[in-house]
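Taking numbering that gives the first Met the number 0, the leading residue of the sequence shown gets 0, the next gets one more, and so forth. Think of the CB as a built atom: it goes at the ideal place given N, C-alpha and C, for glycine as much as any other residue. Computed from a predicted model, the values in this text were never measured in an experiment. Read the structure below first, then the notes.
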Amino acid sequence: MLLLVLHIPKLIILNKFKIEYIPRTAGVASSAPRYFQVHQHRTGLRMEWTTPLNYHAERYLIEYRSPEEELRRGETGEHWRTVTTVPGSETSYMWHGALSNHNYYMRATAVDYAGIHGDASNVVHVEFTQKGKAHGTS
0 MLLLVLHIPK
10 LIILNKFKIE
20 YIPRTAGVAS
30 SAPRYFQVHQ
40 HRTGLRMEWT
50 TPLNYHAERY
60 LIEYRSPEEE
70 LRRGETGEHW
80 RTVTTVPGSE
90 TSYMWHGALS
100 NHNYYMRATA
110 VDYAGIHGDA
120 SNVVHVEFTQ
130 KGKAHGTS
């Protein structure tokens with residue numbers, strides 16, 4: 000029996016072109032959640048986004064960084080922290096854990112069924128001055 004093995008980056012083909020393993024579409028970058036926005040709410044911050052193009056998300060990873068928290072912890076550089084993960088069928092999330100008088104940088108990342116993280120969305124800066132008041136820019 001003749002065994003044909005071809006190695007193409009991130010694609011292995013065995014025995015008469017039977018596809019054995021494909022971790023992600025070869026040569027195609029995953030797409031980030033689009034139009035990521037953060038809105039003020041009297042009890043926290045509401046994030047909304049549009050699904051990525053050409054990418055099926057199993058879940059979304061919502062992350063933040065806060066210069067005030069990094070300073071308090073003695074950290075240098077950017078340290079992204081997870082707020083939560085949201086099912087891939089959802090395109091919004093309400094975060095009630097934002098602290099008054101903190102700056103937040105928020106983003107979302109799509110994660111596929113294999114656990115591969117796509118590109119991060121745009122980053123939105125929010126100055127959360129007190130419960131019920133937020134000022135955001137992207």
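Check whether residue i and residue j have beta carbons under 7 Å apart
i: R45; j: Y63; result: no
i: N53; j: S30; result: yes
i: H95; j: G43; result: yes
i: E69; j: H55; result: no
i: E57; j: Y112; result: yes
i: W48; j: P32; result: yes
Coarse secondary structure for residue i, derived from DSSP in three states
i: P66; result: helix
i: F127; result: strand
i: R41; result: coil
Residue(s) in a DSSP beta bridge with residue i
i: A119; result: T108
i: T81; result: E62
i: T75; result: Answer is none; T75 lacks a bridge partner.
i: H101; result: F127
Nearest neighbour of residue i, chosen from the options [CA to CA]
i: T83; options: Y103, I61, F35; result: I61
i: M105; options: V122, H38, L70; result: V122
i: V37; options: S91, G76, P86, T75; result: S91
i: F35; options: A107, I115, T128; result: A107
i: V117; options: P51, R41, S65; result: Position check: residue 117 holds Gly in this sequence, whereas Val was assumed. The shortest Cα separation from G117 among P51, R41, S65 belongs to P51.
i: G114; options: Y59, S120, F127; result: Y59
i: A119; options: V110, V125, E126, F127; result: V110
i: L98; options: G73, R71, T128, V85; result: T128
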